[in-house]
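Read top to bottom, the protein sequences are chains A and B. First residue of the first sequence: 1, per UniProt numbering; consecutive thereafter. First residue of the second sequence: 1, per UniProt numbering; consecutive thereafter. Heads up, the thing below is written out as structure tokens.
Protein chains: 2
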Amino acid sequence: MTSRPPVPPRMSDVAERAGVSKMTVSRVLAGRSVSQATRERVLKIIDELGYVADAAAGALSSGRSEFVAVLVPSLSSSNFSDTVRGLNAALNPHGLQLLLGDTDYRLEQEELLVRSMLRHQPRCVALTGGRHTGATRTLLQRAGIPVVEMWDLPRDPIDTAVGFSNATAARAMVQHLHACGYRRIGFIGGASERDRRGLDRMRGYIAEMKALGLCEPRVIRLGESPVTMSHGAPAIGALLEAWPDTEAVMCVSDMSAFGAIMECHRRGLSVPGDIAIAGFGNFEVSWCSQPTITTVSVDAYGIGLRAGETLLAALAAREAGDTVGRGKNAAAPTARAKAVKIEFTVIPRESA
Amino acid sequence: MTSRPPVPPRMSDVAERAGVSKMTVSRVLAGRSVSQATRERVLKIIDELGYVADAAAGALSSGRSEFVAVLVPSLSSSNFSDTVRGLNAALNPHGLQLLLGDTDYRLEQEELLVRSMLRHQPRCVALTGGRHTGATRTLLQRAGIPVVEMWDLPRDPIDTAVGFSNATAARAMVQHLHACGYRRIGFIGGASERDRRGLDRMRGYIAEMKALGLCEPRVIRLGESPVTMSHGAPAIGALLEAWPDTEAVMCVSDMSAFGAIMECHRRGLSVPGDIAIAGFGNFEVSWCSQPTITTVSVDAYGIGLRAGETLLAALAAREAGDTVGRGKNAAAPTARAKAVKIEFTVIPRESA
DNA sequence: TTGAAAGCGATACCAG
DNA sequence: CTGGTATCGCTTTCAA
Chain A
1 MTSRPPVPPR MSDVAERAGV SKMTVSRVLA GRSVSQATRE RVLKIIDELG
51 YVADAAAGAL SSGRSEFVAV LVPSLSSSNF SDTVRGLNAA LNPHGLQLLL
101 GDTDYRLEQE ELLVRSMLRH QPRCVALTGG RHTGATRTLL QRAGIPVVEM
151 WDLPRDPIDT AVGFSNATAA RAMVQHLHAC GYRRIGFIGG ASERDRRGLD
201 RMRGYIAEMK ALGLCEPRVI RLGESPVTMS HGAPAIGALL EAWPDTEAVM
251 CVSDMSAFGA IMECHRRGLS VPGDIAIAGF GNFEVSWCSQ PTITTVSVDA
301 YGIGLRAGET LLAALAAREA GDTVGRGKNA AAPTARAKAV KIEFTVIPRE
351 SA
Chain B
1 MTSRPPVPPR MSDVAERAGV SKMTVSRVLA GRSVSQATRE RVLKIIDELG
51 YVADAAAGAL SSGRSEFVAV LVPSLSSSNF SDTVRGLNAA LNPHGLQLLL
101 GDTDYRLEQE ELLVRSMLRH QPRCVALTGG RHTGATRTLL QRAGIPVVEM
151 WDLPRDPIDT AVGFSNATAA RAMVQHLHAC GYRRIGFIGG ASERDRRGLD
201 RMRGYIAEMK ALGLCEPRVI RLGESPVTMS HGAPAIGALL EAWPDTEAVM
251 CVSDMSAFGA IMECHRRGLS VPGDIAIAGF GNFEVSWCSQ PTITTVSVDA
301 YGIGLRAGET LLAALAAREA GDTVGRGKNA AAPTARAKAV KIEFTVIPRE
351 SA
């Protein structure tokens with residue numbers, strides 16, 4: 001007991017001390033059939049030695065990792081962090097480890113991250129949105145692994161998709177406001193071209209305003225995505241300056257809506273008395289604030305959960321149909337590409 | 001051109017088509033000195049083939065990965081997601097990839113995640129808080145890699161720490177409230193024993209109440225961590241029921257404070273007219289809400305940034321002092337364990 | 001149920 | 001600046 005070896009123990013060390021072969025140790029770790037006595041002995045030695053198996057070696061040898069590449073536009077948005085939680089809830093029990101990346105709403109960044117994550121041979125990939133660079137699509141297709149696109153239902157999905165139409169959801173909100181009797185309705189959102197879901201909501205708003213024969217669209221676009229609470233104040237300020245007679249405002253997100261409502265309070269405008277304000281997302285603030293905020297509820301966690309399940313199903317199908325192995329038939333295109341539609345609901349509350 | 005091979009190309013394929021050895025390809029990828037002409041040719045082939053290097057093989061061969069294990073109690077808390085952003089900002093430029101884990105405030109979960117992440121041979125580890133299971137400490141020590149504990153300044157750090165004393169910060173807030181003239185001050189926080197930082201804030205509150213000779217501590221503990229906006233309403237309800245003459249309330253987090261303020265509005269109590277309410281964390285809501293919320297500002301992003309820098313420094317020191325190699329001298333304990341103290345500030349606003 | 005041998009795909013090291 | 005060779009630590013595969 002002079003000094004513990006400075007090099008971490010290997011599987012062969014464990015095997016030696018347990019008087020078995022490496023393979024037996026490997027089987028114990030993988031939970032494969034090994035006699036009860038042997039298993040216990042090996043486990044004991046592993047514990048004594050503090051042995052930690054090397055995942056890189058395992059991945060190289062078996063040709064499969066336990067990684068799932070996950071890309072979201074922003075980790076600070078509760079929206080996407082809920083989706084990540086959902087993904088994790090679905091995938092963790094299957095021993096899969098999320099490799100998380102934050103694209104900052106930039107497609108080039110997404111491409112960079114995909115490229116870098118693909119180096120780890122992920123079992124599958126979850127992306128946000130339906131737009132990607134050509135290279136991203138190519139990379140993913142060549143990788144031949146299941147892919148799911150979240151939060152949108154792209155016309156031409158890479159593989160599978162779990163989401164909803166942000167445009168349709170926005171139209172539903174305009175319809176709701178219209179049904180409430182509002183006619184001069186404005187929209188405030190981010191200025192970034194990169195936030196496709198935000199843009200889709202804006203487009204939905206515009207389309208529905210036209211469809212209902214309401215006033216010309218009144219759109220204010222300001223600031224970066226994701227819009228936060230501090231977005232609302234200047235945005236509604238700009239809106240009211242441009243169109244002082246606006247009756248209702250639809251915001252690209254509850255965060256913005258909250259900021260707008262607070263600004264109205266500061267200006268002595270009552271909500272919805274003087275002006276109605278609606279949000280999007282059903283974030284916690286929308287039902288905790290005073291007044292509570294009318295919004296569109298989307299199950300962000302559920303999107304992650306369903307996306308995870310979709311990936312698991314694809315992996316299972318692959319296991320069944322393939323001889324597995326280092327991508328032998330990996331090129332076989334997932335012919336059963338499907339889309340999972342997530343429901344949304346307009347939730348009328350006090351603010352509109 | 002009948003059909004593209006279904007198996008992804010290897011480095012040897014690239015080498016062959018470029019008419020060079022694997023080593024040259026490897027050097028090109030690693031950015032080491034290679035003649036300009038050769039480099040361009042290799043790069044071109046890589047692009048044509050869509051070659052993606054296998055990180056597992058690289059890690060096995062070189063004995064080092066590009067992973068950094070990061071564990072936070074919750075990914076949904078903007079607090080920790082900001083810290084993660086900071087870490088990423090510091091580490092990404094150095095080609096390091098975060099391996100993110102969510103412990104859900106549970107030490108056993110943390111241990112599980114550490115164990116599983118250690119299998120990937122991370123270059124270093126960032127943990128949240130100063131309390132861990134014995135096994136976690138042992139695992140980390142045996143791993144012999146730099147470790148940083150964030151958000152706390154533990155008495156006996158595993159290696160290094162970047163944080164502040166939550167108790168001291170809470171005391172500062174009590175002092176501020178006292179200086180404002182409030183005497184009957186209450187505290188509302190979560191009920192979970194697992195949220196150490198929340199507990200430390202509560203302890204700081206109690207200690208300072210005693211130190212200032214104010215009333216007996218008035219503590220309400222309710223709900224799980226992290227406390228969210230919806231925590232505040234029931235919590236302040238309970239507080240006012242138990243001690244109706246309370247003049248000021250200090251909340252474990254801005255989220256809770258916001259919920260409490262909204263509840264006061266519902267009850268027709270003015271803040272701070274009828275009751276003062278303070279938060280903790282300087283979250284966005286604290287300066288966007290109406291009234292703005294008095295709080296303690298902590299640079300969550302900065303904690304991540306500094307933690308990342310601390311890890312980078314440790315890695316650099318290790319490179320310099322060691323012959324590197326597969327953990328040869330890896331056991332050499334980081335004798336220069338240090339702690340980085342992050343400043344906090346009480347920010348007086350409208351609510352208190 | 002167990003073991004021996006043969007790689008997995010890259011990098012380190014040493015020559016040239 | 002470039003190439004050959006020997007691993008790296010594990011799992012696969014096949015035999016016993």
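The beta carbon of each residue, even a glycine, is placed where N, CA and C say it ideally should be. Just so we're clear, the structure is a prediction, and the values are computed from it rather than from any experiment.
Under DSSP, A/PHE80 shares a beta bridge with no residue.
The contact set of B/GLU284 on chain A, defined by CB atoms closer than 7 Å, consists of THR228, MET229, SER230 in chain order. One Cα belongs to A/ARG64, the other to A/PRO122, and the distance between them is close to 8 Å.
Residue A/ILE277 holds the alpha-carbon nearest to the alpha-carbon of A/THR295 among A/TYR105, A/HIS265, A/ILE277.
When the beta-carbon positions are compared, B/ALA191 and B/GLY232 stay at least 8 Å from each other. Going by beta carbons, A/ALA69 and B/HIS120 fall outside the 8 Å limit. Not flagged as an interface residue toward chain A: B/MET11, since no C-beta distance is shorter than 8 Å. Taken in chain order, the unbroken stretches of alpha helix (DSSP H) that lie wholly in the segment 3 to 34 of chain A and span 4 residues or more are 11 to 18, 22 to 30.
Judged by DSSP in its simplified three-state form, A/PHE258 adopts helix. A/GLY223 and A/ARG197 have their C-alpha atoms roughly 15 Å apart. Setting aside the 5 residues that flank it on each side, B/TRP151 is surrounded in the same chain by THR128, GLY129, GLY163, ARG197, ILE303, each with a C-beta closer than 7 Å to its C-beta; the list follows chain order. In the DSSP assignment, B/GLU241 falls outside any beta strand (DSSP E) and within the unbroken alpha helix (DSSP H) covering 229 to 242. Three or more Cβ pairs closer than 8 Å define a contact, and the segment 275 to 292 of chain A meets that threshold against the segment 243 to 253 of chain A. Comparing alpha-carbon positions, the option among A/ALA37, A/SER286, A/VAL114 lying closest to A/ILE145 turns out to be A/VAL114. Apart from the 5 residues on each side of it in sequence, B/GLY101 sits with its Cβ closer than 6 Å to the Cβ of LEU71, LEU113 in its chain, given in chain order. In chain order, LEU127, HIS132, ARG137, LEU140, GLN141, VAL147, GLU149 place their CB closer than 8 Å to the CB of A/ILE158, counting only its own chain and leaving out the 5 sequence neighbours on each side.
Remark: fewer than three beta-carbon pairs, one from each stretch, lie closer than 8 Å, so the segment 304 to 314 of chain B and the segment 285 to 292 of chain B are not flagged as touching.
The shortest CA-to-CA distance from B/ILE293 to any of B/GLY95, B/ALA352, B/SER77, B/ALA238 is the one to B/ALA352. Counting the other Cβ atoms within 10 Å of the Cβ of B/ASP82 gives 16 or more, which makes it buried.
Under the DSSP assignment, B/VAL114 falls in the alpha helix (DSSP H) whose first and last residues are 107 to 118.
In this structure, B/ALA30 is the residue among B/ALA30, B/SER78, B/SER77, B/PRO93 with its C-alpha nearest to the C-alpha of B/SER62. Of the residues B/GLY189, B/LEU212, B/VAL340, the one whose Cα lies closest to the Cα of B/TYR182 is B/LEU212. Counting the other CB atoms within 10 Å of its CB gives A/PRO73 a total of 16 or more, which places it among the buried residues. In this structure, the straight-line span from the alpha carbon of B/ILE46 to that of B/ALA317 is close to 35 Å. When the five nearest sequence neighbours on each side are left out, the beta carbons in the same chain lying within less than 7 Å of the beta carbon of B/LYS341 are those of LEU153, PHE164, in order along the chain.
Linking A/ALA15 to A/SER116 through their CA atoms gives a straight-line distance of about 35 Å. Contact with chain A is found for B/ALA55, since one of that chain's Cβ atoms lies less than 8 Å from the residue's Cβ. Taking 8 Å as the threshold, the shortest C-beta distance from B/SER81 to chain A falls below it.
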